[in-house]
Structures are given as C-alpha cells and as structure tokens.
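Note that numbering that gives the first Met the number 0 has the sequence shown beginning at 0, numbered continuously upward. Structure first, commentary second.
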Amino acid sequence: MTAIADHTTYWDRYAAKTSDRTPQDALEGAFGWTQYPGHGPGAELLGDPVTALELGCGHGDAVAALTLNGVETTGLDLSAAHITSAYETWGHLPRARFQQADAMDYLADTSRHWEAIYSIWGAAWFTDPEQLLPAVHDRLTPGGRLVFSHAPAIPGSYGCQGTYGAGYAGPQVWIYRWAYEPETWTEILHRHGFRRVHARVEPAPEPDHVGTLLVEAVRP
Ligand SMILES: C[S@@+](CC[C@H](N)C(=O)[O-])C[C@H]1O[C@@H](n2cnc3c(N)ncnc32)[C@H](O)[C@@H]1O
0 MTAIADHTTY WDRYAAKTSD RTPQDALEGA FGWTQYPGHG PGAELLGDPV
50 TALELGCGHG DAVAALTLNG VETTGLDLSA AHITSAYETW GHLPRARFQQ
100 ADAMDYLADT SRHWEAIYSI WGAAWFTDPE QLLPAVHDRL TPGGRLVFSH
150 APAIPGSYGC QGTYGAGYAG PQVWIYRWAY EPETWTEILH RHGFRRVHAR
200 VEPAPEPDHV GTLLVEAVRP
C-alpha cells in the first residue's frame, strides 16, 4: 500500500496555496467568522478578553487583528508552513504568539487558561468534539468563551465526515471533519458543561448560497 501523507503535510500544502497576500490585505477585515470577507459578526463575539487562543490560526491574520486591539493572543497550528508564515508577517507584534502544535496535544500539555478560545474554520472543525470540548472547557477561565465557525452540515450527513484531501488522483491523504445541526451542537456543548450556548447558521450574503455554522458557548 502506498504511504499515506500525514495531516501536517496536507496543511503545509494548503498553506502554500493560500499565502499570496500582503499584510495590508490580510488585516482588511481579518477578524471574520464567515467565508465571505466583511460579512457577519466579528471579534465582538469573544466579549472583551485580555487573553485569547486560536486553534488552527493559519497565517495568523485574526491573531494579529486581536493583538492590535490589545488582546494577548496565541495562535497555534498543526502546519509548520502556516506558523512560519504567521511569524514572518506578524511576529513583530508584541502581544502575538505563534506555536506549531496539534490542538489536542497543546491543550493537554499546557497549564494556562484563556478568557477566549476560538477557531475560524480551524482545528475545531477537524477534531472530534467529544475529545476537544472537555479539553477546551478545562483551559477556559470561568466565564470564558468558546466561539467557532465552519461550514454547516449537509442535511442528513452528520457526525464524522471523511474526505480525500488531495483529490482523487493525488496523494492518498484523507481528513476528517465533524458536522452537526445547530440543535445538536447545543446539546453536545451542554453535555460537556458549557452554558449560554448559541449555535446557528449565519446566512450567506446571497440567498441560497452556503451559510456559516457559528457557535458561541460559555464556561460557567
Ligand atoms: C481551513 S484552514 C483555516 C485557517 C484560518 N483559521 C483561516 O481562517 O484562514 C484550517 C487550519 O486548521 C489547522 N488545523 C487543522 N487541524 C488542526 C489540529 N488538529 N491542530 C491544530 N491546527 C489544525 C490547519 O493547519 C489550517 O491552518
């Protein structure tokens, strides 16, 4: 059997495809939850945190935007290529930190707590919520917020979703994502001790286009 490319390699390839932007472009509407630039809510969903952690920060643009508003923010990402890009572009910002790590490994190893933990189409989409949510709950300060966004579930297709990451004629690599309707996310988050859960699909700017699953929850 051919060797299966690992996830880090997959995300490093993705990083190379998405790196073509100037810092000015990158900061333009950098903190958004949806796939439509300038559409939908922004960083206000995090409340007014002093510290924040992004799970799957990619090139680090949202981390940069938060730190420029005074929030001490750590961005972590599985991909070394993403973290190198984030350092090169935003490493000079005094309140920004970047670290290459798998989200689960990082949360298990750290003794820190954050007032906000968030993921924008990031690691929260690619990690089993039954593993991730207890780990995030543990690392939030009381009153701290978890917010994440990604694509809405395809109706009738729920739970773990496998997909070939490099096409059907490319390297044999697959990734997993987790998909649920907002009501199910609410139930899952309650079961893991979160409260004030608000899960919904943010509509796209065009009718009938793909919206954005957006979930907010608080550790009591
Ligand atoms: C679709 S990109 C989104 C990046 C960024 N948040 C953005 O909005 O541009 C998904 C990101 O999640 C990262 N990622 C996926 N699984 C991860 C994991 N288990 N731990 C940490 N990062 C992960 C990938 O490396 C990639 O940078």
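Backbone N, C-alpha and C define an ideal beta-carbon position, used for all residues, glycine too. Remember, it's a predicted structure, so these values are computed and weren't measured experimentally.
Residue range of the beta strand (DSSP E) that SER148 falls in? Your numbering for residue 148 matches position 149 in the sequence shown. Taken as a continuous stretch (DSSP letters only), the beta strand (DSSP E) holding SER148 covers 139-149.
If we call anything under 8 Å between Cβ atoms a contact, is ALA115 one with GLY46? By one-based count along the sequence shown, residue 115 stands at place 116. By one-based count along the sequence shown, residue 46 stands at place 47. The answer is yes: Cβ separation under 8 Å.
Our contact map puts LEU212 next to ALA165 with C-beta atoms below 8 Å; I'd like the distance itself, whole angstroms only. Taking the sequence shown and counting its residues from 1, the one referred to as residue 212 is at position 213. Taking the sequence shown and counting its residues from 1, the one referred to as residue 165 is at position 166. So it is not a contact: roughly 24 Å between Cβ atoms.
Whole-angstrom Cβ separation of ALA79 and GLN98, contact assumed at under 8 Å? Taking the sequence shown and counting its residues from 1, the one referred to as residue 79 is at position 80. Taking the sequence shown and counting its residues from 1, the one referred to as residue 98 is at position 99. Contact flag wrong, Cβ pair sits at about 11 Å.
What separation, rounded to the nearest whole angstrom, lies between the Cα atoms of ILE153 and ALA178? Here residue 153 refers to the residue found at position 154 when the sequence shown is read from its first residue. Here residue 178 refers to the residue found at position 179 when the sequence shown is read from its first residue. ILE153 and ALA178: Cα-Cα distance of roughly 8 Å.
Pair within 8 Å by beta-carbon distance, GLY142 and ARG218: Locating residue 142 in the sequence shown gives position 143, where the first residue counts as 1. Locating residue 218 in the sequence shown gives position 219, where the first residue counts as 1. It is a contact, given that the beta carbons lie within the stated cut-off.
Span separating the alpha-carbon of LEU131 from that of LEU77: The residue labelled residue 131 in the question sits at position 132 within the sequence shown. The residue labelled residue 77 in the question sits at position 78 within the sequence shown. Cα to Cα, the separation comes out at about 15 Å.
Indicate the three-state DSSP secondary structure (helix, strand or coil) for ASP47 in the structure shown. For the purposes of this step, residue 47 is taken as residue 48 along the sequence shown, with counting starting at 1. Three-state DSSP puts ASP47 in coil, outside helix and strand.
Is the beta carbon of PRO181 sitting closer than 8 Å to the one on ARG195? Within the sequence shown, the letter at position 182 stands for residue 181. Within the sequence shown, the letter at position 196 stands for residue 195. No. Outside cutoff.
Report the CB separation of VAL106 from ALA134 in whole angstroms; it is logged as a contact under 8 Å. Stepping through the sequence shown from its first residue, residue 106 is reached at position 107. Stepping through the sequence shown from its first residue, residue 134 is reached at position 135. The question names Val, but residue 106 in the sequence shown is Leu. About 4 Å; that satisfies the 8 Å criterion.
Going by DSSP, what residue range makes up the beta strand (DSSP E) through TRP113? Here residue 113 refers to the residue found at position 114 of the sequence shown. Residues 113-119.
Taking all protein chains shown into account, do 16 or more other C-beta atoms lie within 10 angstroms of the C-beta of PRO48, making it buried, or fewer, making it exposed? Taking the sequence shown and counting its residues from 1, the one referred to as residue 48 is at position 49. Burial call: buried.
Within the present structure, is the beta-carbon of ALA223 separated from the nearest heavy atom of ligand 1 by less than 7 Å? Nothing about residue 223 can be read from this structure; the chain reaches only from 0 to 219.
Roughly how far, in whole angstroms, is the beta-carbon of HIS112 from the beta-carbon of ARG138, given that I think they are within contact range, below 8 Å? Position 113 of the sequence shown, counted from the start, is the residue given in the question as residue 112. Position 139 of the sequence shown, counted from the start, is the residue given in the question as residue 138. 6 Å between Cβ atoms; contact.
Beta-carbon proximity list for GLY192, same chain, < 6 Å, skipping 5 on both sides: Taking the first residue of the sequence shown as position 1, residue 192 is located at position 193. Once the five neighbours on either side are set aside, the close Cβ partners of GLY192 are HIS136.
Quick one: give me the first and last residue of the alpha helix (DSSP H) that HIS6 is part of. Here residue 6 is taken as the residue at index 7 of the sequence shown, counted from 1. HIS6 -> alpha helix (DSSP H) spans 6-16.
Quick check on this structure: which residue in TYR167, GLY210 and VAL214 has the alpha carbon closest to the alpha carbon of GLU186? Along the sequence shown, one-based indexing puts residue 186 at 187. Of TYR167, GLY210 and VAL214, the residue nearest in Cα terms is VAL214.
Does the distance between the C-beta of LEU77 and the nearest non-hydrogen atom of ligand 1 fall short of 7 Å? For this step, residue 77 is matched to residue 78 along the sequence shown. It does: the Cβ of LEU77 is within 7 Å (strictly closer) of some heavy atom of ligand 1.
Sequence-distant residues of its chain with Cβ nearer than 7 Å to HIS189 (five each side left out): For the purposes of this step, residue 189 is taken as residue 190 along the sequence shown, with counting starting at 1. VAL196, listed in sequence order.
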